[in-house]
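Have a look at the structure below, then the notes.
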Amino acid sequence: MRFICKISSEAHELVIKNIRKGNKEYQMEALYQYHTFINHGCRFTPYECICASGTNGSVLHYEENSKTIQERELILNDMGGKFYGYCSDITVTFPSDGRFTQKQAIIYNAVLDAQRQVHNSLKVGVNWGDMQLLAERTITKHLFNAGLIKGSMEDLIKNSICRLFFTHGLGHMLGLRTHDVGGYNKGTPPRLPELSQLQFRRDLDVGMIFTNEPGIYFIDFILQEAYKDPNKLKYLNRERIEEFMHVGGVRLEDDILLTANGPEILNDVPRTIKQVEACWRGEDWRQIND
Ligand code: GLY
Ligand code: MN
Ligand code: MN
1 MRFICKISSE
11 AHELVIKNIR
21 KGNKEYQMEA
31 LYQYHTFINH
41 GCRFTPYECI
51 CASGTNGSVL
61 HYEENSKTIQ
71 ERELILNDMG
81 GKFYGYCSDI
91 TVTFPSDGRF
101 TQKQAIIYNA
111 VLDAQRQVHN
121 SLKVGVNWGD
131 MQLLAERTIT
141 KHLFNAGLIK
151 GSMEDLIKNS
161 ICRLFFTHGL
171 GHMLGLRTHD
181 VGGYNKGTPP
191 RLPELSQLQF
201 RRDLDVGMIF
211 TNEPGIYFID
221 FILQEAYKDP
231 NKLKYLNRER
241 IEEFMHVGGV
251 RLEDDILLTA
261 NGPEILNDVP
271 RTIKQVEACW
281 RGEDWRQIND
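Numbering (UniProt numbering), first residue to last: 1 to 290.
As C-alpha cells, then:
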C-alpha cells in the first residue's frame, strides 16, 4: 500500500504540473492513468477517477470528466490506484491557473485545518467518531468566521449545520477495497446518535489504514432545500453563500497508516497553498514548510 500510494502521488503531481485551462477534465484522468500504467503496470483503478473543475467539484462522485477547464476554477481530483489488489484513494484540490483566489483560499484552508486537526489527534485508542466531530467543529468555526453561517457555536454544532457543506463521512478503512470492510463491529450501536450514519466509527488500532478526507462543498440542491426550512435558514447567510457557489468543492484526502508511534501519511502530495502553487509552477514544493 505504501507503493501504490507513492506512485499515485507521483501521478497526481504530474497532473497538477501539466494541466492548464483549456484542457478537458478527462485529460487529467488520462495523464494520471498513463503514469501508473506505463511505469508500474497498474491497469485498473479502484474507482472511477473523479476529475472535477469549477462547480463540478460539488458533485460528490462526479465521473463524467468531460468539461473544459476554465480560468480561475478550482480542480478537485480524487484518483487512486491498484497494485496487486491493494488500493490508494487520494484527493488533491488546486486552482486551474496556479493561484488561489481569496474565496478559494478561505475554503481550502478550512478543509486543510480540519484535516490537520484530525491528523494531530490520531493515536491508538482514539475513536473515529470523535475525529468526525472534531472535523465538523473545525469546519463550523471556519464557515462562521467567513460569514457563511451565523448563530452561536453551540446551536450550529447541535443542529449539524456544517453537514450542509461537509456532506460525507470523514474517512473509511482502505485496503483490498476502496471502502474496506471493518469500519464498525457488527451489532455495536454508535456511541452517539449523530454518528449512526458513519461507515467507520471504530477505535483506532495499530496497523489500520484509513482515509482522512474532510471536504466543503457548495451543493445547489442541498442549499436550496435548506433555504426552505426556517430551522436551517436562520443559520445561513444566504447572500454570502451565493458569493461562494462558484468555488464548487474542496476535498483533501490522505491515506493514513496508524503505527504505535502515531500516524504515517502514505501519500506525498502538496498540501499547503504555497506548496500547491509551487507544484503547479513546477518548483520543488517539498522545500516549502508552510
Ligand atoms: N474516492 C471515493 C472516496 O473518497 O471515498
Ligand atoms: Mn475515500
Ligand atoms: Mn477518494
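Cβ coordinates follow ideal geometry from the N, Cα and C atoms, glycine included. Only a predicted model underlies this, so the values are computations on that prediction, with no experimental measurement involved.
query: Can you tell me whether DSSP reads PRO230 as helix, strand or coil?
result: The count along the sequence shown starts at 1 and reaches residue 230 at position 230. Helix.
Cutting at 8 angstroms between CB atoms, please list the residues of its own chain near TYR235, excluding the five before and the five after it.
By 1-based counting over the sequence shown, the position of residue 235 is 235. Excluding positions up to five away in sequence, the list reads ILE149, LYS150, GLY151, ASP155, LEU156, ASN159 and ILE161.
Hey, would you say the C-beta of ILE256 is under 8 angstroms away from at least one heavy atom of ligand 3? For this step, residue 256 is matched to residue 256 along the sequence shown. Answer for ILE256: no, Cβ out of range of ligand 3.
**Message:** As an exercise, report each continuous beta strand (DSSP E) stretch of at least 3 residues that is fully enclosed by the region 55-141, in chain order.
**Reply:** 74-79 and 90-95
CB contact below 9 angstroms: TYR86 versus chain B = The structure shown contains no chain B; it is built from a single protein chain.
Same chain, Cβ closer than 7 angstroms to ARG281, five either side skipped, listed in chain order:
Within the sequence shown, the letter at position 281 stands for residue 281. Here the set comprises GLY98.
Could you name the residues that DSSP lists as bridge partners for residue 307?
-> This structure gives no information on residue 307, because the portion of the chain shown stretches from 1 to 290.
DSSP state of LEU258, grouped into three classes? Position 258 of the sequence shown, counted from the first residue, corresponds to residue 258. Three-state result, LEU258: strand.
Tell me whether ASP78, by its Cβ, gets closer than 8 angstroms to a heavy atom of ligand 4. Judged by which ligands are present, ligand 4 is missing from the structure shown, whose ligands are ligand 1, ligand 2 and ligand 3.
Mind listing, in chain order, the continuous beta strand (DSSP E) runs of no fewer than 3 residues lying wholly within the region 168-192?
none
Report task. Name, in chain order, the residues that DSSP records as bridge partners for TYR217. Result -> By one-based count along the sequence shown, residue 217 stands at place 217. BP columns for TYR217 point to GLY249.
>> So, with DSSP's three-state summary, where would you put THR211?
In response: In the sequence shown, the residue the question calls residue 211 occupies position 211. Three-state result, THR211: strand.
Touching by the beta-carbon criterion (3+ pairs, under 8 angstroms), the region 56-74 and the region 186-205
no
Review point. GLU253: beta carbon under 8 angstroms from a heavy atom of ligand 1?
Key: Mapped onto the sequence shown, residue 253 falls at position 253. Flag set: Cβ of GLU253 near ligand 1.
TODO: State the DSSP-derived secondary structure class of ALA146, mapped to helix, strand or coil.
DONE: In the sequence shown, the residue the question calls residue 146 occupies position 146. Here ALA146 sits in coil by DSSP.
| How many Å lie between THR91 and PHE210 at the Cα? | By one-based count along the sequence shown, residue 91 stands at place 91. By one-based count along the sequence shown, residue 210 stands at place 210. Whole-angstrom Cα-Cα distance: 14 angstroms.
**OP:** Give me the Cβ distance between ASP89 and THR178, rounded to the nearest whole Å; I'm assuming they're in contact under 8 angstroms.
**Re:** For the purposes of this step, residue 89 is identified with residue 89 of the sequence shown, where counting begins at 1. For the purposes of this step, residue 178 is identified with residue 178 of the sequence shown, where counting begins at 1. That pair is a contact at about 5 angstroms.
| request: Measure the Cβ-Cβ separation of GLY169 and PHE144 and say whether it is below 9 angstroms. | output: Along the sequence shown, read from residue 1 onward, the residue named residue 169 stands at position 169. Along the sequence shown, read from residue 1 onward, the residue named residue 144 stands at position 144. Contact flag unset, no.
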